[in-house]
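Only one structure is covered here, and it is reproduced in the block below.
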């Protein structure tokens, strides 16, 4: 469980580990291989696609707790990065949803 904007967000063990790694390396692009190594340490690693699934679930949980703010960005062809939400991006996403 983590706290975001005074709201508790319940995460699975793997989601928590991913959020921890993103937080420790905030602003740094992390590859899917880095996530797999952090989560599994080279032991019985699943396919890279599982990282996309974990990120998707983590994004949804964080967005619910923050009213739609997006913190985890995709860096196409490289991986994922944790950033402070950009108000312009969130405004554009809100317009598309409306």
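Residue numbers (this note's numbering): 393 to 490. Every residue, glycine too, gets a C-beta built ideally from N, C-alpha and C.
>> Among the candidates 419, 418, 447, whose CA atom is the shortest distance from the CA of residue 405?
In response: Position 13 of the chain shown, counting from 1, holds the residue named residue 405. For the residues 419, 418, 447, the minimum Cα distance to residue 405 belongs to 447.
>> Using the three-state DSSP reduction, which class does residue 458 fall into: helix, strand or coil?
In response: In the chain shown, residue 458 corresponds to position 66, counting from 1. If DSSP states are grouped into helix, strand and coil, residue 458 belongs with the helices.
>> Quick check: the Cα distance between residue 408 and residue 451, rounded to an integer number of angstroms?
In response: For the purposes of this step, residue 408 is taken as the residue at position 16 of the chain shown. For the purposes of this step, residue 451 is taken as the residue at position 59 of the chain shown. Straight-line Cα distance between these residues: approximately 12 angstroms.
>> Assuming residue 471 is part of the beta strand (DSSP E), what are its boundary residues?
In response: The residue given as residue 471 occupies position 79 in the chain shown. 471-474 is the span of the beta strand (DSSP E), which, as asked, contains residue 471.
> Would residue 410 be called buried (16 or more neighbouring beta carbons within 10 Å of its own) or exposed?
Replying inline: Taking the first residue of the chain shown as 1, we reach residue 410 at position 18. Its Cβ being crowded by 16 or more others within 10 Å, residue 410 is buried.
> To the nearest whole angstrom, what separates the beta carbons of residue 467 and residue 419, a pair I think is in contact under 8 angstroms?
Replying inline: Counted from its first residue, the chain shown places residue 467 at position 75. Counted from its first residue, the chain shown places residue 419 at position 27. That belief does not hold up - the Cβ atoms of residue 467 and residue 419 are roughly 11 angstroms apart, past 8 angstroms.
> Rounded to a whole number of angstroms, what is the C-alpha to C-alpha distance between residue 463 and residue 436?
Replying inline: Start at 1 with the first residue of the chain shown, and residue 463 comes out as number 71. Start at 1 with the first residue of the chain shown, and residue 436 comes out as number 44. Each residue's Cα considered, the two are about 29 angstroms apart.
>> Rounded to the nearest angstrom, what separates residue 395 and residue 471 at their Cα positions?
In response: For the purposes of this step, residue 395 is identified with residue 3 of the chain shown, where counting begins at 1. For the purposes of this step, residue 471 is identified with residue 79 of the chain shown, where counting begins at 1. The alpha-carbon atoms of residue 395 and residue 471 are separated by roughly 25 angstroms.
>> Rounded to whole angstroms, what is the Cα-Cα separation between residue 456 and residue 414?
In response: Within the chain shown, numbered from 1, the residue matching residue 456 stands at position 64. Within the chain shown, numbered from 1, the residue matching residue 414 stands at position 22. Cα to Cα, the separation comes out at about 18 angstroms.
> What are the residues that DSSP puts in a beta bridge with residue 422?
Replying inline: Indexing the chain shown from 1 puts residue 422 at position 30. For residue 422, which the question treats as bridged, DSSP gives the partners 472.
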